[in-house]
Every structure is written in structure tokens, then in C-alpha cells.
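Novice: Residue numbers (our numbering), protein chains in the order written: chain A, 169 to 374; chain B, 169 to 374. Think of the CB as a built atom: it goes at the ideal place given N, C-alpha and C, for glycine as much as any other residue.
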DNA sequence: CGGTGTTGGTTGGTTGACCACCTAAGCACA
DNA sequence: TGTGCTTAGGTGGTCAACCAACCAACACCG
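#1: Can you round the beta-carbon distance between residue 194(B) and residue 282(A) to whole angstroms, since I take them to be within the 8 Å contact cut?
#2: What in chain B is Cβ-close to residue 296(A), meaning under 8 Å?
#3: In chain A, what lies closer than 7 Å to residue 282(B) by C-beta?
#4: CA-CA distance, residue 206(A) and residue 255(B)?
#5: At the level of alpha carbons, what is the spacing between residue 171(B) and residue 272(A)?
#6: Is the shortest distance between the beta-carbon of residue 213(B) and the beta-carbons of chain A less than 9 Å?
#7: Considering only the alpha carbon of each residue, which of 316(A), 302(A), 354(A) and 200(A) lies closest to residue 369(A)?
#8: Assuming contact is defined by CB atoms lying nearer than 9 Å, are residue 333(B) and residue 332(A) in contact in what I supplied?
#9: Where does residue 289(A) land, buried or exposed, given buried means 16+ other C-beta within 10 angstroms?
#10: Rounded to whole angstroms, what is the Cα-Cα separation between residue 265(B) and residue 344(B)?
#11: Please decide whether residue 305(B) counts as near chain A, where near means a Cβ-Cβ distance under 9 Å.
#12: Could you tell me if residue 366(A) is buried or exposed, where buried requires 16 or more neighbouring beta carbons within 10 angstroms of its beta carbon?
#13: Is any beta-carbon of chain B found at less than 9 Å from that of residue 329(A)?
#14: Given this structure, state the Cα-to-Cα distance separating residue 249(A) from residue 322(A), to the nearest angstrom.
#15: In whole angstroms, give me the CA-to-CA distance for residue 178(A) and residue 286(B).
#16: Could you list which residues in chain B have their beta carbon closer than 7 Å to that of residue 269(A), in chain order?
#17: With 9 Å set as the bound, which would you pick, yes or no: does the beta-carbon of residue 366(B) sit closer than that to a beta-carbon of chain A?
#18: Can you tell me whether residue 206(B) is helix, strand or coil according to DSSP?
#19: Alpha helix (DSSP H) containing residue 312(A): first to last residue?
#20: Taking buried to mean at least 16 other C-beta atoms within 10 Å of its own C-beta, is residue 191(B) buried or exposed?
#21: Figure out for me which residue from 198(B), 320(B), 357(B) and 247(B) has the closest Cα to the Cα of residue 217(B).
#22: Starting from residue 350(B), find everything on chain A with Cβ-Cβ shorter than 7 Å and list it in chain order.
#23: Span of the alpha helix (DSSP H) holding residue 330(B)?
#24: Beta-carbon within less than 8 Å of residue 371(A)'s beta-carbon, same chain only, minus the 5 sequence neighbours each way: which residues are those?
#25: Could you give the distance in angstroms between the alpha-carbon of residue 169(A) and the alpha-carbon of residue 181(A)?
#26: Cβ closer than 7 Å: which chain A residues qualify as neighbours of residue 289(B)?
#27: With 9 Å set as the bound, which would you pick, yes or no: does the beta-carbon of residue 258(A) sit closer than that to a beta-carbon of chain B?
#28: At what residue ranges does the region 200-257 of chain A contain a whole run of the alpha helix (DSSP H), taking only runs of 4 or more?
#29: May I ask you to report which of helix, strand or coil DSSP gives residue 273(A)?
#30: Let me know if residue 232(A) comes out buried or exposed under the rule of 16 or more other beta-carbons within 10 Å of its beta-carbon.
#31: Can you check which of these residues, 204(B), 325(B), 246(B) and 303(B), is closest to residue 352(A) by C-alpha distance?
#32: Using the beta-carbon count (16 or more within 10 Å), is residue 363(A) buried or exposed?
#33: Can you say whether residue 209(B) is buried or exposed, counting buried as having 16 or more other CB atoms within 10 angstroms of its CB?
#34: So, for residue 238(A): in the same chain, excluding its five sequence neighbours on each side, which residues have a beta-carbon less than 7 Å away from its beta-carbon?
#35: Mind checking whether residue 335(A) and residue 275(A) have CB atoms under 9 Å apart?
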């Protein structure tokens, strides 16, 4: 890796963390540079404007979704339904490790920037889409165990809304009560869909 | 109302909207004063610091929860379960009316301020608590129609996480697909709890 | 009644810090 | 020698915070 690519990466890493931790507007470029061990001027060399830096972080986030988020869980879990809940457990673990400092990296920025930064919104949506695609695939490959009317995509959306809301409440309360309650109910719901479908299939066979 | 209380109120009203619309950090005090038709100096008379203004808006939000949010729905709907979904419909309507500009007033600020403003976090939690109390009461007064193990509080938490997540996705995508999908699934889940309980009761009677 | 001090609220402008943004000189490596 | 990158410094602008002068309403007292 060239030295330039290295500092560029360090800048994105630093910005990624600061934007998620304290918001976009509240983060100064000088602070990003300091955290990345780079002089403020260099920052301008790679990212002409602050928004360019923001877009680069979102692009990075999108590209590391599989490597950083999905793969560790996909490798430890095979059952598609359990993979979904493994994902939820992963976010829980992140909250735990960072003592609720980091929530969902996308969610925070959506609420802050959706109205004011249209280009960022586009990338945020792409990030959500990537996540939804992955979860949709889980449900799709378990579709034979689900009721016939169940839409994998809509189930994925439900999982994402639950997760985003749960992360938000966990950060607000600084505990896992709400997060765990939400996941328990989501599991109850999915469980019911599974047994319903199983009952239907066995009755058809009979 | 004294003229002073009036300008104070106007300031809180203006700040309330701006903080929700464009975030806390991104909102300048001069902008708040302009919107409230007040000179910047007066702002300092009522609120020594920007954070004091923030806390006042959260206090106000807490006190207007019933009047502004719950009452209109409570009055048009009697069934406790339908009241819960009426609440969700109300937030949907707000998104529609404001063209996705306003999300949940509390949720936005939670993600922005939870880590950096501990006093604000306390008030944000109080706001969530008030909302949760109301929804919990709904489920509690329908408890005879729910399975015996169902906890009204935990159900309320599930509703809140769903709502917050749904609002977030609606704002990101600028459409209601995700919002509606989430609400549909939540309804499916509650519906299943109701019929389950009904079946159990009729089988006991038999 | 009327003059006088006090209080609650307003005005407009200042201050110092910080911000994103910009530049031009310097560096190392090819 | 040239190119890619880094460095230090600087500019204009905006921010929260602050202030001193001001004003109207009121209370108190001669």
C-alpha cells in the first residue's frame, strides 16, 4: 500500500468513527486529521470538501459490509434464520463492546443528513439496501419453512426496522432491556411463522 | 400571558422545530432567534447556554405528549389495541404532511446527543418513558385478550422499536414501503397473539 | 398625586474561538 | 528533474457567549 493510500485510509477510518460517534456536523475536520495523525492540510489534498470525506466514508462502509459484518456471522452459522438473529446478536455485541457509543453506523447519519445532504442520502440508502439484500436472501432460502404468503423482502425490512429501533433505545437507556425485548418478540414472531408453516405442511400431507 | 413568557414560548417553539428538523449542532442560536422573531440577545436572557434551551425544549416535549400526540388518537379510538396502531398511523401522517422532514422528534436527538450531552439524555429517556407508559397501558387494559405470558411493557417496547426503525427507514427512502411493511408485520404479530389467546380461552371453556 | 428608585425584559453589537477552505513552499522518491 | 504528497500558515466567516445601555411598568414615599 502506497503511503498516500495509507493516510487516505486512516482519514476515512477516523472520520467513520467520529461521524458515527458524535455526528457529522459536530465533527470538525481538524479533529478528524488529529485522530488520523495527519496534518489538516493533507485532508484537503484527498477530500476537497467535508462532504467528499463523508461520501468516501459511506462508500467504504458499503464495501466492507460483507467482510466486516456478514462474513463473521455467515461463517459461524449455517441456518438462514439463525443467521438473521446472529446479525442482531452481532450488533448487540458492538453496543456492548463500545459501551453504547456506537450505534448503527448508517442509522445515525440518516437522521442527521437525510434532509440536508441528498448525495449522502443516496449512499445511505445503498447501505441499507445491501443489508436488506443479505437478510432477504436468508429468508428466501428458508422460504419452504415459511407460510406461502410471507415475503422475504418485507420480513427483512421488519428485521431492519426492529434492529434500528432497538439500537436507538439501547443507546438512549444505556442498557439492553429494550434491545433484548425487541429481539425476543421478533423471534416469537418468526417462530410462529415457522410452526404455522410446519403445521400447514403436515396437515396437507395428512 | 406576560410578554416575557410569550417570547420564551416562541423561542422554545422555534428551537423545537429546528432541532428536530436539522439537528442540534447544525442549528445556530441566531437562527432560532430569527425564527422566533426575537433578537439574539434576548435568547441569552432566558437561556444562559444553548444546552439550557435544548433542555427546555425536551421538557416542553414531555409535557405536551398527551395533549399533542395521545389525546387526538385516544378520542377517536376506544379499543386499546387499535389505539396503538392509531399511534403508528399518526406518525405516518406526520411523515406524510412534512414530506419526511420530521421524524420522531425524540429519536433524532437521541442518536445525536446521547453520548455527548448526559443531561439531555436523561430528558430524552423520560420522553421515551412517557410514550412507553401510554402504550403499556393500552396492552395492559387488553391483557385478557392476550396470552398469559405476554408482558404489556415489553410489547410496548417492541412497538416503539418498530416505530422508531420504521420512521428512520421512511426518512431514508422517502417513501412508506418500509414503514408500511413494518407496521403490517407488527399487526400480524399482535393479531396472532390475540387469536392464540382466544383459542386458548375457548378450549378451556370446552 | 407626583417624583424616584427598582425590577423584568429588550436591544444591538462585541469577543474570542473555531470552522471549512485555500495556498504555496517543501519534501521524498521516481 | 518531475510528480505525488505533505507541511505550515492564513483567510473569511460563523458560532456561542456575553455585555452594557436602554426602556417600560410598577412600587414606594413625600
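Specialist: According to the structure data:
#1: As a first step, residue 194(B) is located in the second chain; it is residue number 26 there, counting from the start. As a first step, residue 282(A) is located in the first chain; it is residue number 114 there, counting from the start. Rounded, the Cβ-Cβ distance is 13 Å, inconsistent with contact.
#2: On the first chain, position 128 is the one that residue 296(A) refers to. Residues of chain B passing the Cβ test: 337, 340 and 341.
#3: By 1-based counting over the second chain, the position of residue 282(B) is 114. Those are 339 and 340, listed as they occur along chain A.
#4: As a position in the first chain, residue 206(A) is number 38, starting the count at 1. As a position in the second chain, residue 255(B) is number 87, starting the count at 1. Distance between the alpha carbons of residue 206(A) and residue 255(B): 49 Å.
#5: Counted from its first residue, the second chain places residue 171(B) at position 3. Counted from its first residue, the first chain places residue 272(A) at position 104. Note that residue 171(B) scores 48 on pLDDT, short of 50, meaning its location in the model is unreliable and no value can be drawn from it.
#6: Position 45 of the second chain, counted from the first residue, corresponds to residue 213(B). No, residue 213(B) lies away from the interface with chain A (no Cβ there is under 9 Å from its Cβ).
#7: In the first chain, counting from the first residue as 1, residue 369(A) sits at position 201. Selected option, being the one with the closest Cα: 316(A).
#8: Against the second chain, residue 333(B) aligns to sequence position 165. Against the first chain, residue 332(A) aligns to sequence position 164. A contact, by the Cβ cut-off of 9 Å.
#9: Here the question's residue 289(A) lines up with position 121 in the first chain. Residue 289(A) should be labelled buried.
#10: The residue labelled residue 265(B) in the question sits at position 97 within the second chain. The residue labelled residue 344(B) in the question sits at position 176 within the second chain. Roughly 13 Å separates the two Cα atoms.
#11: Residue mapping note: residue 305(B) aligns to position 137 of the second chain, counting from 1. No, no contact with chain A.
#12: As a position in the first chain, residue 366(A) is number 198, starting the count at 1. Answer is exposed; the Cβ neighbour count stays below 16.
#13: Here the question's residue 329(A) lines up with position 161 in the first chain. Taking Cβ atoms only, chain B reaches closer than 9 Å to residue 329(A), which makes this a yes.
#14: If you number the first chain from 1, residue 249(A) lands on position 81. If you number the first chain from 1, residue 322(A) lands on position 154. Rounded to whole angstroms, residue 249(A) to residue 322(A) spans 15 Å at the Cα level.
#15: In the first chain, counting from the first residue as 1, residue 178(A) sits at position 10. In the second chain, counting from the first residue as 1, residue 286(B) sits at position 118. Each residue's Cα considered, the two are about 30 Å apart.
#16: Position 101 of the first chain, counted from the start, is the residue given in the question as residue 269(A). Near residue 269(A) (Cβ distances below 7 Å), the residues of chain B are 283.
#17: By one-based count along the second chain, residue 366(B) stands at place 198. With 9 Å as the cut-off, residue 366(B) does not count as an interface residue toward chain A.
#18: By one-based count along the second chain, residue 206(B) stands at place 38. Residue 206(B): coil per DSSP, three-state reduction.
#19: Against the first chain, residue 312(A) aligns to sequence position 144. Where residue 312(A) is concerned, there is no enclosing alpha helix (DSSP H), given that its DSSP letter is neither H nor E.
#20: Numbered from 1 along the second chain, position 23 holds the residue referred to as residue 191(B). Under this definition residue 191(B) is a buried residue.
#21: For the purposes of this step, residue 217(B) is taken as residue 49 along the second chain, with counting starting at 1. The residue with the shortest Cα to Cα distance from residue 217(B) is 198(B).
#22: On the second chain, position 182 is the one that residue 350(B) refers to. Residues of chain A passing the Cβ test: 325, 326 and 329.
#23: The sequence position of residue 330(B) within the second chain is 162, counting from 1. Segment 320-341, the alpha helix (DSSP H) holding residue 330(B).
#24: Numbered from 1 along the first chain, position 203 holds the residue referred to as residue 371(A). Nothing listed; no residue qualifies.
#25: Residue numbering aside, residue 169(A) sits at position 1 when the first chain is read from its first letter. Residue numbering aside, residue 181(A) sits at position 13 when the first chain is read from its first letter. Residue placement at residue 169(A) is poorly supported in this model, since its pLDDT is 40, which falls under 50; the coordinates still yield a value, given next. If I take the Cα positions, the gap works out to 16 Å.
#26: On the second chain, position 121 is the one that residue 289(B) refers to. Result: 340.
#27: Locating residue 258(A) in the first chain gives position 90, counting from the first residue. False, the Cβ-Cβ gap to chain B never drops below 9 Å.
#28: 208-214, 218-231 and 239-244
#29: For the purposes of this step, residue 273(A) is identified with residue 105 of the first chain, where counting begins at 1. The answer is helix: DSSP assigns residue 273(A) an H, G or I state.
#30: By 1-based counting over the first chain, the position of residue 232(A) is 64. Residue 232(A) is exposed by the Cβ-count criterion.
#31: In the first chain, residue 352(A) corresponds to position 184, counting from 1. Ranking the options by Cα distance to residue 352(A), first place goes to 325(B).
#32: The count along the first chain starts at 1 and reaches residue 363(A) at position 195. Exposed: under 16 other Cβ atoms inside 10 Å.
#33: Translated into the one-based positions of the second chain, residue 209(B) becomes position 41. Exposed: under 16 other Cβ atoms inside 10 Å.
#34: Walking along the first chain from the start, residue 238(A) turns up at place 70. Once the five neighbours on either side are set aside, the close Cβ partners of residue 238(A) are 302.
#35: Numbered from 1 along the first chain, position 167 holds the residue referred to as residue 335(A). Numbered from 1 along the first chain, position 107 holds the residue referred to as residue 275(A). Yes, the pair counts as a contact, with Cβ atoms nearer than the cut-off.
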